[in-house]
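So the sequence shown is numbered by the numbering used here: it starts at 139 and just counts up by one.
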Amino acid sequence: MASSRRLVGGLCLVVVGMFGFGFALVPLYQVFCDLTGLNGKTSNIVNAQAQSSQGVDLERIVTVEFVTYISKGMQWQLTPKVEQLKVHPGQMYEMEFIATNLSAKDQVGQAVPSVSPGQGANYLNKTECFCFNQQPLAAGETATLPLRFFVDTELPKNISTLTLSYTLYELPQPQQKG
Numbered sequence: 139m140a141s142s143r144r145l146v147g148g149l150c151l152v153v154v155g156m157f158g159f160g161f162a163l164v165p166l167y168q169v170f171c172d173l174t175g176l177n178g179k180t181s182n183i184v185n186a187q188a189q190s191s192q193g194v195d196l197e198r199i200v201t202v203e204f205v206t207y208i209s210k211g212m213q214w215q216l217t218p219k220v221e222q223l224k225v226h227p228g229q230m231y232e233m234e235f236i237a238t239n240l241s242a243k244d245q246v247g248q249a250v251p252s253v254s255p256g257q258g259a260n261y262l263n264k265t266e267c268f269c270f271n272q273q274p275l276a277a278g279e280t281a282t283l284p285l286r287f288f289v290d291t292e293l294p295k296n297i298s299t300l301t302l303s304y305t306l307y308e309l310p311q312p313q314q315k316g
């Protein structure tokens, strides 16, 4: 009888451990992606002074492409003002995206960036990005969303094109009590 209780207790500990590991897996994966640049995740932390001290590589041109996706069921448009830019590593660039809420209700969107190729993700640095914040838009409203970025001069020479894509997701709005 004592061995059965010990077995049940041990199995319960295994179940609780697996459950806890399942919850910890997503944050651990995000930290891993932030550190390695795996899965095209970019870091939101940029030191602009470090960027300015490294200078501009006028000898090199990198193409940065901009692509947008809207999550299923979300009635928005998100369009880059330009589809690509030719940039010099180390130089700061600004561009804009146009977001329009096509639905009949107010919505809040959040853009999630991804860079490909994945090994280039750590070299595309955003100093200002609409993806850092939630974007509330009233029904039918249009907004201009800013992006300031630079490509690090340490970008490997074999990478000549970076694709910055954004997927826009609808965030649930808090329910008003009343």
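Cβ atoms here follow ideal geometry from the backbone N, Cα and C, with glycine treated the same way. Small disclaimer: the values here were computed from a predicted structure and weren't measured.
Query raised in the report: Where does residue 142 land, buried or exposed, given buried means 16+ other C-beta within 10 angstroms?
Result: Numbered from 1 along the sequence shown, position 4 holds the residue referred to as residue 142. Residue 142 is classed as exposed because its beta carbon has fewer than 16 other beta carbons within 10 Å across all chains shown.
Requested in this report: Classify residue 105 as buried or exposed, calling it buried when 16 or more other Cβ atoms lie within 10 Å of its own Cβ.
Outcome: Residue 105 lies beyond the residue range present for the chain, which begins at 139 and ends at 316; the question has no answer from this structure.
Query raised in the report: In three-state DSSP terms, what is residue 263?
Result: The sequence position of residue 263 within the sequence shown is 125, counting from 1. Residue 263 falls in the strand class under three-state DSSP.
Requested in this report: Report all residues from its chain with a CB closer than 7 Å to the CB of residue 196; omit the five preceding and five following residues, and keep chain order.
Outcome: Here the question's residue 196 lines up with position 58 in the sequence shown. If we look at residue 196 and ignore the five residues flanking it on each side, its Cβ neighbours are 226.
Query raised in the report: Can you give the Cα-Cα distance for residue 245 and residue 274, rounded to whole angstroms?
Result: Your numbering for residue 245 matches position 107 in the sequence shown. Your numbering for residue 274 matches position 136 in the sequence shown. The straight-line gap from Cα to Cα measures roughly 6 Å.
Query - Span separating the alpha-carbon of residue 205 from that of residue 311 - result: Locating residue 205 in the sequence shown gives position 67, counting from the first residue. Locating residue 311 in the sequence shown gives position 173, counting from the first residue. Approximately 26 Å, taken between the alpha carbons.
Query raised in the report: Where does residue 198 fall in DSSP's three states?
Result: If you number the sequence shown from 1, residue 198 lands on position 60. Three-state DSSP puts residue 198 in coil, outside helix and strand.
Query raised in the report: Excluding the five sequence neighbours on either side, which residues of its own chain have a C-beta within less than 8 Å of the C-beta of residue 272, listed in chain order?
Result: Residue 272 sits at position 134 when you count from the first residue of the sequence shown. These residues qualify, in order along the chain: 246, 247, 248 and 309.
Requested in this report: State yes or no: is the beta carbon of residue 255 nearer than 8 Å to at least one beta carbon in chain B?
Outcome: Of the chains in the structure shown, none is chain B; there is only one protein chain.
Report task. Please state whether DSSP places residue 154 in a helix, a strand or coil. Result -> Along the sequence shown, read from residue 1 onward, the residue named residue 154 stands at position 16. The answer is helix: DSSP assigns residue 154 an H, G or I state.
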